[in-house]
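For reference, the structure discussed in these notes is given below.
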Amino acid sequence: MKIRGLLPLGALTARATAQDNNAIFEPQDFNVTAALENIGVDISKIPESDSTLNSRSSSAQCSHAVTLSIIFSSDQVLPENANSYSNFTSSYWSAQQGALRPSCVFKPKSTLDVSTVVLVSRLYQCPLAVKGGGHAAWAGASSIQDGITISMENFRRVEVAADKQSVGIGPGLRWIDVYTAIEKDGLSVAGGRMAPVGVPGLLLGGGISHFASKRGWACDNVASFQLVTASGIPINVSASSYPDLYWALRGGGNNFGIVTNFKLDAFPLGDMWGGQRVYLENSFPAVLDAIHEFTITGSVRDEDAAQIVTFASAPGIGKVAFANLHYAKPITNASVFSSWNNITAIQDTTGLRPMSGMANLLNEGAPGPGAYQTWWGISLKMDRQLLDFIISTFFTQEAITANVEKILLIMAIQPITESALKAMQKNGGNALGIDPSNGPYFILNFNAAWTKPDDEPKFHAVIAKTIQLIKAGAQKRNLDNDFVYLNYASEFQDPIGSYGKENKERLVRISQKYDPKQVFQYLQPGGFKLVKGAPKGRVPDGLL
């Protein structure tokens, strides 16, 4: 950092406490320039803001992104002509995200750096995006055109508490980094299941984990968040300090600030059992029986078990099911999986491994960075006959893409068990709005990956039509459910709206309290916003 003095983090936090005591988080006369000066920025050295620039979208505002190169060292600010700039944009998981060209990439090294860039963005009305792992599919989820992309890659600290009851983790980490680090202490956390997925997006969107039946979703296991607010002030958000904001951050996405540290509840874990079993189409009736039995009764009987079952067409083989089974104890073929143990698999990788090994194994065969991607998700109530209808509908629609070059097109069934619903209610519950009295449910998620950009509408069309047919069939059986998991939602879906009217209105009120100028609704346009709804509106009629 080149032109500012250092202001202790504690001083900023003290200001937040004082403001909170006055019941006004950001006063009406808040002055961005003064706020920058207060954190040590020499405002005489940076360009003046132009009050006529108020569209928040033109590249004119973002020409002032050069301000960051005045304040910070060259290794933290990547202009568009830098060699490392292209390396950064190509690191996104999906080609759609990597295709966007920000005015610059900024790599903060401290919470104070994050405070500074938020205020700079406000000063010049230059939109921003925040990238953690960059594992979202649609363009603009964590990338931006002509704005500032903030990369959290330098926030990679893992800190195990002295009592080993919690772990502090930075938003620049991927889950494989977390598991590898804390396994040395015989610990794990309720986090992501695939190795390359980033920490912040998963936690802020809810986060399904292998330990959901016993511990709830990943967001339910965050003890506190270090959050940079719209006024640039960092606060520590917990159930006791800011209970309303704590509730909102657990499922509310990127709508409330930028998280610079997560404190997660930890628990002892050595090796666990799990892996993948592959089944041919003639075993599908037994596979669906096993899915149903586990969701309805098995998961209630034994909360240490989890499953994900994926369906696809494999070249030269035909229709197949991939059952990923996991058990949080070093016990082979536990009785909770008895239905699965009685089905003949053509391939079986199950065995004893640490959580890091499970995360790597689940990622095997998944497309790496650079492919075109789409994710969609819905949720339904569990019913055995409905499963038959879903499988038939999926493969009928999937066949339409038989002559389209693709990497994969899959559909996965993931239970939301009654035990998980109960565990989600701890610490006042989360923002997701899933009715715990009406389960169990399951999430149905779809993922397509392909290589030619012009093929995107074809995959959107097939998946959108499949979902339309499945939801219509579920509605006839009174088995439909509104909830859409944010981390599986496409740009044509509205996960925040699916949380229910009461929860959505509560989220909006909390946003207005801590971000009265709605910085994170308009200056950070990516992700799923509280009021806007689906980022690209409803599915175009031409896709159905």
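Heads up, the sequence shown is in the numbering used here, so the first residue is 18 and it goes up one at a time. For each residue, glycine too, the CB sits at the ideal point set by N, CA and C. It should be emphasised that the depicted structure is a prediction, and the values quoted were computed from it without experimental measurement.
Just curious, the alpha helix (DSSP H) that residue i is in, first and last residue?
i: T197; result: W192 to I199
i: N100; result: N100 to T106
i: P302; result: F301 to E310
i: F411; result: R401 to E415
i: N55; result: V49 to N55
i: F476; result: E473 to K493
Taking 8 angstroms as the CB-CB limit, is residue i close to chain E?
i: R191; result: This model lacks chain E altogether; it includes just one protein chain.
From the DSSP secondary-structure annotation, give me the bridge partner or partners of residue i.
i: R370; result: M289
i: L204; result: P285
i: R294; result: A340 and D365
i: V147; result: I167
i: N278; result: Q243
i: I186; result: V175 and F279
Whole angstroms is fine: what's the gap from residue i's alpha carbon to residue j's?
i: G550; j: A506; result: 12 angstroms
i: N464; j: P386; result: 15 angstroms
i: R494; j: G456; result: 15 angstroms
i: E473; j: R555; result: 16 angstroms
i: V122; j: G115; result: 12 angstroms
i: K553; j: L221; result: 21 angstroms
i: I487; j: S515; result: 17 angstroms
i: T50; j: I60; result: 7 angstroms
i: K482; j: F545; result: 22 angstroms
i: D452; j: E65; result: 51 angstroms
i: F328; j: L461; result: 11 angstroms
i: G203; j: P285; result: 6 angstroms
i: N38; j: S356; result: Note that N38 scores a pLDDT of 41, beneath 50, so its modelled location is shaky and nothing firm can be said.
i: N71; j: E381; result: Confidence at N71 is low in this model, with a pLDDT of 49, below 50, so its placement is unreliable and the value that follows should be read with caution. Between N71 and E381, the C-alpha separation is close to 47 angstroms.
i: L244; j: L262; result: 10 angstroms
i: Q324; j: K231; result: 14 angstroms
i: M441; j: S86; result: 44 angstroms
i: H477; j: T367; result: 34 angstroms
i: V317; j: V353; result: 10 angstroms
i: H343; j: Q93; result: 41 angstroms
i: A99; j: M169; result: 19 angstroms
i: V304; j: E415; result: 20 angstroms
i: G150; j: R191; result: 6 angstroms
i: I417; j: W155; result: 23 angstroms
i: D499; j: N278; result: 31 angstroms
Write down the C-beta distance between residue i and residue j rounded to the nearest angstrom, noting that I regard them as a contact closer than 8 angstroms.
i: V239; j: K181; result: That belief does not hold up - the Cβ atoms of V239 and K181 are roughly 17 angstroms apart, past 8 angstroms.
i: D532; j: T246; result: 7 angstroms
i: V337; j: L297; result: 6 angstroms
i: P96; j: G164; result: The pair is not a contact, with the Cβ atoms about 14 angstroms apart (cut-off 8 angstroms).
i: A174; j: G185; result: Here residue 174 is Arg; the residue named in the question, Ala, does not match the sequence. Correct: roughly 7 angstroms between the Cβ atoms.
i: P251; j: V216; result: Between V216 and P251 the Cβ distance is about 18 angstroms, and since that is not below 8 angstroms, they are no contact.
i: P347; j: W290; result: 6 angstroms
Hey, could you find the ends of the beta strand (DSSP E) residue i is sitting in?
i: F339; result: G335 to Y344
i: T327; result: A322 to A331
i: N462; result: Y458 to W467
i: Q431; result: L425 to I433
i: W393; result: Y389 to K398
i: Q243; result: V239 to V245
i: E176; result: V175 to V177
i: P251; result: P251 to S255
i: P96; result: V94 to P96
i: F537; result: Per DSSP, F537 belongs to no beta strand (DSSP E); it is in the alpha helix (DSSP H), V536 to Y539.
i: V122; result: C121 to F123
If distances are taken between C-alpha atoms only, which option among the options comes closest to residue i?
i: P371; options: L117, D288, A52 and V83; result: D288
i: E321; options: A329, G270, T312 and I460; result: Residue 321 is actually Asp in this sequence, not Glu. Checked all of A329, G270, T312 and I460; the closest Cα to D321 is T312.
i: I407; options: L342, L140, A491 and G157; result: A491
i: F47; options: S409, N359 and G249; result: G249
i: T468; options: D365, I275 and P384; result: P384
i: N271; options: P512, V317 and T327; result: P512
i: N299; options: I363, H477 and G268; result: I363
i: I480; options: A146, G149 and E508; result: E508
i: S396; options: L262, F105, V134 and F459; result: F459
i: P144; options: V134, I186, L378 and L266; result: V134
i: Y109; options: R294, A388 and P125; result: A388
i: I63; options: A112, S138, Q45 and E310; result: S138
i: F412; options: A429, E422 and E200; result: A429
i: G450; options: T418, L496, P432 and L503; result: L503
i: K439; options: L425, I427 and S454; result: S454
i: V326; options: A307, S226 and T314; result: A307
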